[in-house]
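Student: Here you go, one structure.
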Amino acid sequence: MRVFLIVMLVWTVGLSAEGQSYRTEKCAVRFFSSAPLEDIKADNKEAIGVFNADSGDFAFVVQIKGFQFAKSLMQEHFNENFMESDKYPRGTFEGKIDGYDLSASGEQQVMASGKMKIHGVEQQMDVDGKLIVRGGKVFMDAVFPVKLEDHDIDIPKILFQKIAEEVEVTVHFEFKED
Numbered sequence: 001m002r003v004f005l006i007v008m009l010v011w012t013v014g015l016s017a018e019g020q021s022y023r024t025e026k027c028a029v030r031f032f033s034s035a036p037l038e039d040i041k042a043d044n045k046e047a048i049g050v051f052n053a054d055s056g057d058f059a060f061v062v063q064i065k066g067f068q069f070a071k072s073l074m075q076e077h078f079n080e081n082f083m084e085s086d087k088y089p090r091g092t093f094e095g096k097i098d099g100y101d102l103s104a105s106g107e108q109q110v111m112a113s114g115k116m117k118i119h120g121v122e123q124q125m126d127v128d129g130k131l132i133v134r135g136g137k138v139f140m141d142a143v144f145p146v147k148l149e150d151h152d153i154d155i156p157k158i159l160f161q162k163i164a165e166e167v168e169v170t171v172h173f174e175f176k177e178d
């Protein structure tokens, strides 16, 4: 499955053999929901990403069932009732990153613009983030909000005090040159 996802990502962003391309070595995706009765967070370390430094093309795929929760019941409800992860097994982002210079080491503010697909619904997004060049590696970090209604994720009214209508997503990618 991992090989399939890498092949799909490489094809999706059109990475050429001539371009300076990177793939994820380590990655982490976290979401956090703060609601009056309960805070919910989950972590996923199974995302796969690619970045073409020449064109700025960037894409990543995250397996929805890869999110780990503190309570197994939360994980079950997340996958079965909200995300319908058997029907929509992956979340994706495909776009471009602007405002970077890989020849300059240190931290740089960047903008990722593209389409995020969650729960079968694609939305245009512009995400501020940072790109860090250090020790021959490239790191990318971003924090951004996702509105559940924008992706047709329904929260039953009975749970409105337990689940926020907007969740905070944090991504961290550590890339190595391909």
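Be aware that the sequence shown starts at 1, since it is given in full-length UniProt numbering, and climbs by one per residue. Idealized CB from N, CA, C, for every residue including glycine.
Identify whether Ser72 lies in helix, strand or coil by the three-state DSSP scheme.
Tutor: Start at 1 with the first residue of the sequence shown, and residue 72 comes out as number 72. Three-state DSSP puts Ser72 in a helix.
Student: Count the other CB atoms within 10 Å of the CB of Val29; is the residue buried (16 or more) or exposed (fewer)?
Tutor: Indexing the sequence shown from 1 puts residue 29 at position 29. That one is buried.
Student: Rounded to the nearest angstrom, what separates Gly135 and Asp178 at their Cα positions?
Tutor: Numbered from its first residue, the sequence shown carries residue 135 at position 135. Numbered from its first residue, the sequence shown carries residue 178 at position 178. About 15 Å.
Student: Does Gly120 pass the burial test, meaning 16 or more other C-beta atoms within 10 Å, or should it be called exposed?
Tutor: For the purposes of this step, residue 120 is taken as the residue at position 120 of the sequence shown. Answer is exposed; the Cβ neighbour count stays below 16.
Student: Provide the residue span of the beta strand (DSSP E) that contains Ile97, from first to last.
Tutor: On the sequence shown, residue 97 is found 97 positions in, with the first residue counted as 1. Where Ile97 is concerned, the enclosing beta strand (DSSP E) stretches over Arg90 to Asp98.
Student: Could you spell out the range, first to last residue, of the beta strand (DSSP E) harbouring Asn79?
Tutor: Taking the first residue of the sequence shown as 1, we reach residue 79 at position 79. No beta strand (DSSP E) contains Asn79, which DSSP labels as neither H nor E.
Student: Any contact between the segment 75–86 and the segment 102–116? By contact I mean 3 or more CB pairs, one from each, below 8 Å.
Tutor: Judged by Cβ distances under 8 Å, the segment 75–86 makes no contact with the segment 102–116, as fewer than three pairs qualify.
Student: Closest to Lys71 by C-alpha separation, out of Asp43, Lys26 and Lys147, would be which residue?
Tutor: Numbered from its first residue, the sequence shown carries residue 71 at position 71. Per the Cα distances, Asp43.
Student: So what does Lys137 bridge to, in DSSP terms?
Tutor: One-based indexing of the sequence shown puts residue 137 at position 137. Lys137 is bridged to Arg134.
Student: Measure the C-alpha to C-alpha separation of Glu165 and Leu131 and round it to an integer number of angstroms.
Tutor: The residue given as residue 165 occupies position 165 in the sequence shown. The residue given as residue 131 occupies position 131 in the sequence shown. One C-alpha to the other measures close to 29 Å.
Student: Terminal residues of the continuous beta strand (DSSP E) containing Phe32?
Tutor: As a first step, residue 32 is located in the sequence shown; it is residue number 32 there, counting from the start. Start and end: Ser21 to Ser34.
Student: Terminal residues of the continuous beta strand (DSSP E) containing Glu177?
Tutor: One-based indexing of the sequence shown puts residue 177 at position 177. Glu177 -> beta strand (DSSP E) spans Glu166 to Glu177.
Student: For residue 238, write down the residues that DSSP places opposite it in a beta bridge.
Tutor: Since the first and last residues shown for the chain are 1 and 178, residue 238 lies out of range.
Student: Across which residues does DSSP place Glu122 in a beta bridge pair?
Tutor: Here residue 122 refers to the residue found at position 122 when the sequence shown is read from its first residue. Paired residues: Lys117.
Student: Thinking C-alpha only, which one of Val62, Val171, Val143 and Lys45 is nearest Ser85?
Tutor: Position 85 of the sequence shown, counted from the first residue, corresponds to residue 85. Residue Val62 is the option with its Cα nearest to Ser85.
Student: Could you work out which residue in Ile153, Val167 and Val169 is closest to Phe82 when comparing CA atoms only?
Tutor: As a position in the sequence shown, residue 82 is number 82, starting the count at 1. Nearest C-alpha to Phe82: Ile153.
Student: In the DSSP assignment, what residue or residues form a beta bridge with Ile48?
Tutor: Looking up residue 48 in the sequence shown gives position 48. Per DSSP, Val61.
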